[in-house]
Every structure is written in C-alpha cells, then in structure tokens.
Amino acid sequence: MSKRLAVVTGGIGGLGTEICRHLARDGRRVIAVDLATRSERLEAFMDEVSDFDGTIGFAPADISDFNSCRALVEGIESAHGNIDILVNAAGITRDASLRKMTPEQWHQLMRVNLDGIFNTSRQVVEGMCERGFGRIVNLSSVNGQTGQFGQTNYSAAKAGVHGFSMALARETARKGVTVNTVSPGYCDTPMVAAVAPAVREQIVADIPVGRLGSPADIARAVAFLAADDAGYITGANLPVNGGYFMSF
Ligand SMILES: NC(=O)c1ccc[n+]([C@@H]2O[C@H](COP(=O)([O-])OP(=O)(O)OC[C@H]3O[C@@H](n4cnc5c(N)ncnc54)[C@H](O)[C@@H]3O)[C@@H](O)[C@H]2O)c1
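Quick note on the UniProt record's numbering: the sequence shown kicks off at 1 and runs consecutively.
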C-alpha cells in the first residue's frame, strides 16, 4: 500500500508546520496548504521541512473559497493520489468586543474558520467514504469551549467547528471515516505572540502546567487521531491545554 496522503490547511503556520513534520515522521506524505500570498513564510517553511526529502510539499489555496478548494483537491489527487487525512488548521483572529466589532470582522473570520472547514471537508469526504478510510481532524480552541472577551466571532466559530465535527462523524462512522476536533489551549506561536505581554503573562499564570503549549504538543494529538488504528475514536474533542480548562 502506498503511504497515506495527508493535507494540512494552514500548513505553513505556527501549528501547521509542526503538524506537517509530525505526520511526515509518522510515514505520511504531506501537502501543506496555505495562502499563496505568504511567500516569505513559505520560503522559511520549505527550509524547515527540507530534512524530509520532499515528503512534505506545498499547494496554494484560499480555503474560504469553495471553488478554490475544489481546484485544490482535484490538483492534489491527480498529482499525488487520494487524500486519506485532512487536517483543518487554517484559522484567523479578528478580535474586538462585540460593541466595536464590524460586520467585516465577523464575516471574514467565519469565512476562514468555519466555511473553510466545510469547503475542504466537502471535497474529500465522498472519496474517503467510497474507499472506506479517512481521518479528518479539525482545529478548534479552548476559547470555543470557554468563550473569550473580544472573541465572540472566534469563540462562535470554534464552538461551531466541534458541532460540525460531531455531525459529520455521525454521517461517516459506518464508512471507516473518523472526524474529530483538537482544542489547543494557548500555544507558543505567532498567534499568541500577538497578544499584549501583560495579558500573556496572566495567561501563563493561569495554566496549571505552568507554560504555553508547544506546537509539538498539538501535533502529537493531531497525529494520534490521524493514525490508522484510531478508528474507534470519532466525534471526540481532544483538549490540549495544560489543564487550563478541564471538563468531563
Ligand atoms: N496558536 C494557538 O495558541 C492556538 C490556540 C487555539 C487554537 N488555535 C487554532 O489552531 C490553528 C492554527 O493556529 P496557528 O497558531 O498555527 O496560527 P497561524 O496564524 O500561525 O497559522 C494559521 C495559518 O492559516 C493560514 N490561513 C489563514 N487564512 C487562510 C485561508 N483563507 N486559506 C488558507 N490558509 C489560510 C495562514 O496563512 C497561516 O499560515 C488555527 O485554527 C487556530 O485558531 C491556535
């Protein structure tokens, strides 16, 4: 059997890069998908994955656009074969308290963080079900579970990501396709580096484990759910947050 093919959206981002590396280390062929406009970051990414001997490739797409995702999946499948694993890690923030939030901030975020998951999953789910194997892992956030000041848009979208995952998990459970969510806490990535230093210090003080999460902490969880022998876990949310939010 040829090696499983994984597609990781937001694949050149802070978490996405490490997810690509971890999946490649697990023996998967990996395509990182990200915006074509990030050419500087792409160059650094290709450097960071150069030790994988071409196992990790790149394909540009805007996941907020349905047709762009259709062209993306057609292109990848005709060049590399069927997609077995989809990791939806692309995401943005557009923080503002609701009293100040503009419709653009609301809709831009929904188009990427929620529509994006529909746009990509919709392209791959049929083939996965026909072939009787698939793994879809969607990145949510602890802030989708707890809510966060200034993030009505982000928290709503991230809660929606898990609702989407549970519903799709039911639709595909009999076909060998699992759909799960990973909910990172605060991680040491550019997304969190953008938070004001005083707020960041308070966040770390509130994390029982006493540090921010590393991209490797998250990649480990994604790879676990993407494994061939993880077929009995579906519709689940795996929190990776250093104990910041505990629930049952
Ligand atoms: N970093 C954290 O602490 C943290 C915590 C909780 C959840 N998350 C979630 O994890 C995921 C990855 O976060 P990250 O820290 O790697 O963020 P990041 O900003 O480093 O990476 C996100 C990537 O998504 C890409 N992207 C944005 N819009 C896109 C689009 N329309 N089409 C294709 N790609 C697009 C960006 O170019 C970027 O490379 C996100 O969904 C985020 O919400 C992150």
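Backbone N, C-alpha and C fix where the C-beta goes; we use that ideal spot for every residue, glycine too.
This one's a predicted model, so the numbers in the text were calculated from it and none came from an experiment.
Once the 5 residues before and after residue i are set aside, which same chain residues still bring their CB inside 7 Å of it?
{"i": "LEU86", "result": "VAL7, THR120, SER121, VAL124, ILE136"}
{"i": "LYS3", "result": "GLY27, ARG28, ARG29"}
{"i": "ALA96", "result": "GLN105, GLY150"}
{"i": "ILE56", "result": "CYS20, ALA24, VAL30, ALA32, VAL49"}
{"i": "ARG111", "result": "SER64"}
{"i": "GLY147", "result": "SER155"}
What span of residues does the alpha helix (DSSP H) with residue i cover, start to end?
{"i": "PHE224", "result": "215 to 226"}
{"i": "PHE164", "result": "152 to 172"}
{"i": "LEU109", "result": "103 to 110"}
{"i": "VAL124", "result": "116 to 131"}
{"i": "residue 256", "result": "This structure leaves residue 256 out entirely; the chain is present only between 1 and 248."}
{"i": "ALA44", "result": "39 to 48"}
{"i": "GLN145", "result": "142 to 146"}
Who are the near neighbours of residue i in its chain, counting only those whose CB is closer than 6 Å to its CB and skipping five residues on each side?
{"i": "SER140", "result": "LYS158, VAL161, HIS162, THR181, SER183"}
{"i": "HIS22", "result": "ALA219, ALA223"}
{"i": "PRO60", "result": "ALA36"}
{"i": "PHE58", "result": "ALA32"}
Along the chain, where does the beta strand (DSSP E) containing residue i start, and where does it finish?
{"i": "SER64", "result": "Taken as a continuous stretch (DSSP letters only), SER64 belongs to no beta strand (DSSP E), as it is neither H nor E."}
{"i": "ASN241", "result": "No beta strand (DSSP E) contains ASN241, which DSSP labels as neither H nor E."}
Pick helix, strand or coil for residue i, following the three-state DSSP scheme.
{"i": "PHE58", "result": "strand"}
{"i": "PRO208", "result": "coil"}
{"i": "THR234", "result": "coil"}
{"i": "LEU98", "result": "coil"}
{"i": "PHE52", "result": "helix"}
{"i": "THR17", "result": "helix"}
{"i": "ILE76", "result": "helix"}
{"i": "ILE12", "result": "coil"}
{"i": "ILE203", "result": "helix"}
Would you list the one or two residues that DSSP bridges to residue i?
{"i": "ILE136", "result": "LEU86, VAL179"}
{"i": "CYS69", "result": "Per DSSP, none; premise fails for CYS69."}
{"i": "ILE31", "result": "VAL7, GLY57"}
{"i": "residue 274", "result": "Outside the modelled stretch of the chain, which goes from 1 to 248, sits residue 274, for which no answer is possible."}
Just to confirm my understanding: we take residue i, look at its own chain, exclude 5 residues before and 5 after, and list those with CB closer than 8 Å. What are they?
{"i": "LEU109", "result": "ILE92, THR93, ARG94, ASN153, TYR154, ALA157"}
Quick check: is any heavy atom of ligand 2 less than 7 Å from the C-beta of residue i?
{"i": "CYS187", "result": "Ligands in the displayed structure: ligand 1; ligand 2 is not one of them."}
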